[in-house]
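Residue numbers (the numbering used here), protein chains in the order written: chain A, 448 to 499; chain B, 6 to 714. Report on the following structure.
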Amino acid sequence: MKFINYIEKVSGVDIYGLVSLLIFVVFFTAMLTWVFRADKKKIKEMSEIPLH
Amino acid sequence: MQVEKFYYDNKIVRAFGYATVIFAIVGMLAGLWVAIQFYAPAASLNLAPTTFGRLRPLHTNAIIFAFVGNCIFTGVYYSLQRLCKTRMFSDKLSWIHFWGWQAIIASAAVTLLLGYTTGKEYAELEWPIDVAITIVWVIFGINLFGTILKRREKHLYVAIWFYIATWVTVAMLHIVNSFEIPVSLFKSYSWYAGVQDALVQWWYGHNAVAFFLTTPILGLMYYFLPKAANRPVYSYRLSIIHFWALIFLYIWAGPHHLLYTSLPDWAQSLGTVFSIMLIAPSWGGMLNGLFTLRGAWDKVREDPVLKFMVVAITCYGMATFEGPMLSLKSVNAISHFTDWTIAHVHIGGLGWNGFMAFAMLYYLVPKMWGTNLYSKKLATNHFWLGTIGIILYAVPLYWAGFTQSVMWKSFTPEGQLKFQFLETVTNIIPMYITRSVGGTLYLAGAVLMSYNLYKTIKQGKFIPNEEAQAPPLIKIPKPKREYWHRLLERKPVTMLVLSLIVVAIGGLIELVPTFLVKSNIPTIASVKPYTPLELQGRDIYVREGCYTCHSQMIRPFRDEVARYGEYSKAGEFVYDHPFQWGSKRTGPDLAREGGKYPDSWHYNHMYDPRSMSPGSIMPQYVWLLDNKLDTSSTGAKIRAMKTLGVPYPEGYDKIANIDLMKQADSIATNLKKDKIESPGDAEIIALIAYLQRIGKDIKAEQKPAVTIK
């Protein structure tokens, strides 16, 4: 039997998939946006923490 | 601003460091011992505690939790103080953590050798030790977060994120996988059964690799590599992406350990997809590490610390490329249950974990004793011994795995299996010998290191409290444009919660449907609970660690069905607490063992496997013939099983021993017919009862004429 056949028997199961996909996409988009927009000086400062 | 003076605690780092070296040697010795048993079965000494089935869990637990565990704590206690510019939160907690962890290791060593085991790989320790692990882990957590909260550095460096994710995920994995019902002080049954137990176990097992052997070591890499190379990491941006992508994806990949098994297909596919995606963050991390050394390769030629790190990171890259390849079903069909897997994990274990630990120790000891390394030359020799050791270990095992798998799958033109199982084993014995030579070289390298470090310590003077200075952290009013992530990486508790959410999602989506949806495990009417004697026999099977060499999972392949019988169905395992599918076939699969041989065959085979199968490498189990079966536990075991939902009749626990005796007597009578005198209460009788039962229930299904009581 296919995945969907098992899954649709759990009541309200679609919410699982939707919510996790949403968290995944939102989280990664936000993270990537931050990473690429972040201030160069700040990044440099953070990367040098172990050295001093 | 007033600069504050404070001291780093080096004593706790030293203690964990010593423990790392000691358990490296102990764990490797145990590994070498079991490796020798592959071609010299007499090396089991015919003693229960030193047979493969008990020593192998000791080896894996010693390496993972004692050697790598202590290595993690050494690195965390050293780097965390310096990254946070503060002493550890509480010296007292540090020492409770240290002695608690060593006590757990000591009790693990004793109990595993005595045969107290849950029978779940890498989670073999029995429930009282599980509880102790939880307590010590919480103490470590308090100390970790306490230190982070009182830091003098505004930002949390990426290494600390890896430590936080490690802490929270290991806590979650350990608790979920260790749900068990105690039967006595040192015996428990897994809460889950069969397919569900397998899924939870490999969700745990895979993530033990991810969050005990990988993320904390990556944290150490992000600290010690810039330190040793004296330059910041290649790309800090990449390290952020590396972190989140890695912890997000890793947690889903567990089911790739169960490809072609009775696990529902959707879960297997999920595991494969996420395993493939894992290449991206893993290689991102590896490249980030290697690129840190760009333009500094001349230093690598000079510095043993960097040498070890370069090979470690390369091995990390190789293992994390190979892992996703092995989780492709077509590759897995060849590699699974063979030595290929063993080779794969040792690229990670010897290469990544071992070499990172050595690099860290070579860096730390001269620093903490205020001196230089005693001998760079010895360290370089160690490096070469280790590297050649890894190659000599892994290459023969890849060869062995591939060869054996192809032999298993070979048919004659007439359509018969071409090779007996035993032929496929004896054929690869030379590879087993070479592997143990590789292991010996690697161990010799570690001994060399111990001597080198000892000499370094002798020539230096230990700095128990290292002085440092930093301005205190003062609350600055929020700047106008504060990005959310920067806010986040300053807030350890938010970080903790977020990592937990991220790792819990994968776990939930995998585990929940398997538990909720009944049709995931179609029930088979003819599958009945074990009889009391079989249950006792099964516990002996678990105690002796039979699962370390024998699988109980026939995959739906032509050769496996021809060799072992009908392929395994999910519904056959509903009373198996714990599941015993195994992960390696050093011996043949036992899923349809019941009824294949007469009772007397099993009796003689346990006494001396070579009398029944000349050339077999199985150890002798002579004590099973003499040991008296402890029937006083039967009632408690039946009650525990009833609690777990196994449908024994009401009050059966009180009369179970009557049935047990009846069945034992009939087996003893059977043996007598073959001129074997055995007392009915010997352990061997129970084990025979279990072996004769495995996989038989489903055969009744095919005869619909038989009425089922």
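A virtual CB, placed ideally from N, CA and C, is assigned to each residue, including glycine. Source: prediction; values computed, not measured.
Reference residue i, options the options, closest by Cα
i	options	result
MET412 of chain B	B:VAL400, B:GLN425 and B:TYR403	B:GLN425
VAL175 of chain B	B:TYR535, B:ALA687, B:ALA509 and B:TYR569	B:ALA509
ILE153 of chain B	B:LYS678, B:MET500, B:PRO269 and B:GLU131	B:MET500
ILE622 of chain B	B:VAL238, B:TYR121, B:VAL430 and B:PRO654	B:VAL430
TYR127 of chain B	B:MET666, B:ALA198, B:GLU655 and B:SER588	B:SER588
PHE248 of chain B	B:GLY290, B:VAL238, B:SER683 and B:ARG597	B:GLY290
SER637 of chain B	B:PRO476, B:ILE660 and B:ILE434	B:ILE660
ALA45 of chain B	B:ARG615, B:VAL188, B:GLU549 and B:THR519	B:ARG615
ASP581 of chain B	B:LEU117, B:VAL141, B:VAL8 and B:ALA198	B:ALA198
ASP135 of chain B	B:ALA108, B:LYS159, B:LEU161 and B:GLY146	B:ALA108
GLN42 of chain B	B:THR56, B:THR639, B:PHE150 and B:GLY592	B:THR56
THR445 of chain B	B:VAL31, B:TYR12 and B:VAL8	B:VAL31
PHE388 of chain B	B:TYR546, B:TYR367, B:MET436 and B:ALA338	B:TYR367
PHE578 of chain B	B:THR171, B:VAL442 and B:ILE526	B:ILE526
GLU495 of chain A	B:ILE77, B:ARG87, B:ASN75 and B:TRP404	B:ARG87
Proximal residues to residue i (C-beta, below 7 Å), its chain only, five neighbours per side dropped
i	result
LYS533 of chain B	ASP702
ARG440 of chain B	ALA40, TYR398, PRO401 and LEU402
ILE186 of chain B	SER193, TYR194, TRP196, ALA645, THR648 and LEU649
GLY600 of chain B	GLN697 and LYS701
GLU539 of chain B	ALA694, TYR695 and ARG698
TYR653 of chain B	PRO534, ILE643, MET646 and LYS647
TRP207 of chain B	GLY259, PRO260, HIS262 and LEU263
MET381 of chain B	With the sequence shown as reference, residue 381 of chain B is identified as Lys, and Met is not the correct amino acid for it. Answer for LYS381 of chain B: PRO309, listed in chain order.
Close-in-space but distant-in-sequence residues of the same chain around residue i (CB under 8 Å, 5 per side omitted)
i	result
VAL18 of chain B	THR79, TYR82, TYR83, LEU369 and MET373
VAL566 of chain B	ILE559 and TYR572
TYR241 of chain B	VAL163
ASP303 of chain B	none
TRP142 of chain B	TRP172, VAL175, ALA176 and HIS179
Reduced DSSP secondary structure (H/G/I, E/B, other) of residue i
i	result
ALA233 of chain B	helix
ALA509 of chain B	helix
ASP631 of chain B	helix
GLN474 of chain B	strand
VAL214 of chain B	helix
LYS16 of chain B	helix
GLU9 of chain B	strand
GLU185 of chain B	strand
PHE363 of chain B	helix
LYS642 of chain B	helix
PHE296 of chain B	helix
SER287 of chain B	helix
PHE94 of chain B	coil
ALA317 of chain B	helix
LYS659 of chain B	helix
TYR194 of chain B	strand
Residues near residue i in its chain [Cβ-Cβ closer than 6 Å; skip 5 each side]
i	result
ARG590 of chain B	PHE342 and SER556
MET320 of chain B	With the sequence shown as reference, residue 320 of chain B is identified as Cys, and Met is not the correct amino acid for it. If we look at CYS320 of chain B and ignore the five residues flanking it on each side, its Cβ neighbours are ILE352, GLY356 and TRP357.
TYR228 of chain B	SER84 and ALA164
MET226 of chain B	GLY294
LYS16 of chain B	PRO469
PRO1 of chain B	Here chain B has residues from 6 to 714 only, and residue 1 of chain B is not among them.
Status (buried if at least 16 other CB within 10 Å, exposed otherwise) for residue i
i	result
LEU63 of chain B	buried
VAL498 of chain B	exposed
PRO269 of chain B	buried
GLY420 of chain B	exposed
TRP104 of chain B	exposed
SER99 of chain B	buried
ILE22 of chain B	The question names Ile, but residue 22 of chain B is Gly in the sequence shown. Per the 10 Å Cβ criterion, buried.
ALA301 of chain B	exposed
THR371 of chain B	It should be pointed out that residue 371 of chain B corresponds to Pro in this sequence rather than to Thr. PRO371 of chain B is buried by the Cβ-count criterion.
VAL472 of chain A	exposed
ASP308 of chain B	buried
Can you pull out the residues from the region 148–171 of chain B whose beta carbon lies closer than 7 Å to at least one beta carbon of chain E? The chain labelled as chain E is not found among the protein chains of the depicted structure, namely A and B.
The region 165–175 of chain B / the region 209–221 of chain B touching (three or more Cβ pairs under 8 Å): yes
Should the region 199–217 of chain B be regarded as contacting the region 250–259 of chain B, the criterion being three or more beta carbon pairs within less than 8 Å? yes
Pairs of beta-carbons, one from the region 276–288 of chain B and one from the region 317–334 of chain B, closer than 8 Å: are there three or more? yes
Does the region 623–630 of chain B come within contact of the region 36–54 of chain B, defined as at least 3 CB pairs closer than 8 Å? yes
Count the C-beta pairs between the region 309–320 of chain B and the region 387–395 of chain B that are closer than 8 Å, then say yes if the count reaches three, no if not. yes
Counting Cβ pairs, one atom from each stretch, are 3 or more of them under 8 Å apart for the region 610–622 of chain B and the region 227–243 of chain B? Contact between the region 610–622 of chain B and the region 227–243 of chain B is absent: fewer than 3 CB-CB pairs across the two stretches fall below 8 Å.
Does the count of Cβ pairs from the region 446–453 of chain B and the region 464–483 of chain A closer than 8 Å reach three? Per the Cβ contact rule, the region 446–453 of chain B is not in contact with the region 464–483 of chain A (fewer than 3 Cβ pairs under 8 Å).
Should the region 124–138 of chain B be regarded as contacting the region 58–73 of chain B, the criterion being three or more beta carbon pairs within less than 8 Å? yes
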